[in-house]
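Residue numbers (our numbering): 16 to 147.
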């Protein structure tokens with residue numbers, strides 16, 4: 016009787032140990048598959064809002080979490096595009112040409128009107144928008 020109780024106790028301990036390891040394995044796998052909620056919003060979400068350029072031009076970003084509505088106001092008027100997070104920037108297509116919005120300084124925009132600015136976004140050299 017004593018032996019069967021010991022065997023039963025040993026079996027229960029073994030089962031609890033295996034179950035505990037299995038749960039830890041699943042938790043580790045879940046953490047590797049899905050990042051914490053705070054990490055899921057890309058840095059580009061900080062760019063939401065309006066960015067101004069010279070002569071009444073602007074860039075406005077709405078949305079978030081990797082999906083954006085990009086509005087570009089140039090001398091011909093505003094145009095809207097669908098954007099998405101790509102490699103630290105926001106990609107969109109304009110007139111069949113792929114574009115990527117990147118964080119830059121005013122000098123990096125290539126525009127003399129923005130050269131002294133610090134916090135800017137550039138679509139391409141000569142097309143930039145700033146907040147400061």
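By construction, the Cβ of each residue, glycine as well, lies at the ideal position given by its N, Cα and C atoms.
Owing to the predicted nature of the structure, the values given are computational and were not obtained by experimental measurement.
>> Would the stretch 99-113 count as touching the stretch 59-66 if we require 3 or more Cβ pairs under 8 Å?
In response: yes
>> So residue 117 and residue 136 are supposed to be a Cβ contact under 8 Å. How far apart are they, rounded?
In response: Here residue 117 is taken as the residue at index 102 of the chain shown, counted from 1. Here residue 136 is taken as the residue at index 121 of the chain shown, counted from 1. Between residue 136 and residue 117 the Cβ distance is about 7 Å, and since that is below 8 Å, they are a contact.
>> Please give me, in chain order, every unbroken run of the beta strand (DSSP E) with length at least 3 that falls completely inside the stretch 73-102.
In response: 73-79, 82-89, 92-101
> Mapping DSSP to helix, strand and coil, what is residue 130?
Replying inline: The residue given as residue 130 occupies position 115 in the chain shown. In the structure shown, residue 130 adopts coil according to DSSP, grouped into three states.
> For residue 104, which beta-bridge partners are listed by DSSP?
Replying inline: Residue mapping note: residue 104 aligns to position 89 of the chain shown, counting from 1. Answer is 101.
> Does the ligand SAM have even one heavy atom less than 7 Å from the beta-carbon of residue 81?
Replying inline: This structure lacks the ligand SAM, and indeed carries no ligand of any kind.
>> Cutting at 6 Å between CB atoms, please list the residues of its own chain near residue 75, excluding the five before and the five after it.
In response: Locating residue 75 in the chain shown gives position 60, counting from the first residue. Cβ neighbours of residue 75 beyond the five flanking positions: 65, 86.
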